[in-house]
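**Student:** Mind having a look at this structure? Questions to follow.
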Amino acid sequence: DTAVSQTPKYLVTQMGNDKSIKCEQNLGHDTMYWYKQDSKKFLKIMFSYNNKELIINETVPNRFSPKSPDKAHLNLHINSLELGDSAVYFCASSQNRDRARADTQYFGPGTRLTVL
Amino acid sequence: QQQVKQSPQSLIVQKGGISIINCAYENTAFDYFPWYQQFPGKGPALLIAIRPDVSEKKEGRFTISFNKSAKQFSLHIMDSQPGDSATYFCAASFTGFQKLVFGTGTRLLVSP
């Protein structure tokens, strides 16, 4: 069984388009994340949701909007795509029942977004 | 501002050798230090993690050494194998925030 799944795996689109990436976790975790990995492999957190509530929102353009319909899903919608948005986007989840301790984050397989 | 600095950027080790990757952090509020392993086309996966109340943690061939006063921690891979060839990321986070700050990654190649 896939723990954290993302769709699509590859996404090629034109500049200016709007696209969405979906993420689902079947681990029963409370917290989900979106990370961006650039061409130099640098990983940076974008957003984090805990029980459908936004708890981390890094300096990300307003064109990026996460949506969490329930605690097992966290989707990422991107408006007006730009060349610089080309990257691999990873969804992750963690338990975080105990706020006093950091828990393992489990990553999905990634979505490679290419903006032409 | 890079809060977690990682070196080297790339590393080539002979099969059976020891691979050592180093990280340094700036913020003393960090209290959780995981290492992630990433194979091409895959997501990062937790390899081993340490909290600052211990100076070393070992799991199989993988060991984290932690130096709180120097604000440094390192990953040692003993008896390195070609299957260990991957990109390794150190990371750090704060209690209660669950925000992982990653190092820049080390691409390890273990030659047969």
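Here the protein sequences come in this chain order: A and B.
Mind the numbering: the first sequence is residues 15 to 130 in this note's numbering, read in order.
Mind the numbering: the second sequence is residues 127 to 238 in this note's numbering, read in order.
Glycine residues also receive a C-beta, built at the ideal position from the N, C-alpha and C atoms.
Here the structure is a predicted model, which is why all the values come from computation and not from measurement.
Assign Pro22/A to one of three DSSP states: helix, strand, or coil.
**Tutor:** Three-state result, Pro22/A: coil.
**Student:** One question on the structure: do Phe188/B and Leu172/B come within less than 8 Å of each other, judged by their Cβ atoms?
**Tutor:** No, the Cβ-Cβ distance between Phe188/B and Leu172/B is not below 8 Å.
**Student:** In whole angstroms, what is the alpha-carbon distance linking Ser191/B and Ser200/B?
**Tutor:** Their backbone Cα atoms lie some 5 Å apart in a straight line.
**Student:** Mind checking whether Thr27/A and Ser107/A have CB atoms under 8 Å apart?
**Tutor:** In this structure, Ser107/A does not lie closer than 8 Å to Thr27/A by Cβ.
**Student:** For a test of the three-state rule: what should DSSP assign to Asp84/A, helix, strand or coil?
**Tutor:** Asp84/A falls in the strand class under three-state DSSP.
**Student:** From which residue to which residue does the beta strand (DSSP E) around Pro160/B run?
**Tutor:** Element bounds for Pro160/B: 159–164.
**Student:** Quick one, which residues of the region 198–215 of chain B are near chain A if we go by CB-CB under 8 Å, in chain order?
**Tutor:** Cβ contacts with chain A: Thr213, Phe215.
**Student:** In whole angstroms, what separates the C-alpha of Leu11/A from that of Asp205/B?
**Tutor:** A question about residue 11/A goes unanswered here, because the residues of chain A that appear run from 15 up to 130.
**Student:** Checking contacts by CB at 8 Å: is Thr230/B closer than that to chain A?
**Tutor:** Taking Cβ atoms only, chain A reaches closer than 8 Å to Thr230/B, which makes this a yes.
**Student:** Does the Cβ of Asn193/B have 16 or more other Cβ atoms within 10 Å, making it buried, or fewer, making it exposed?
**Tutor:** The residue in question, Asn193/B, is exposed, as its Cβ has fewer than 16 Cβ neighbours within 10 Å.
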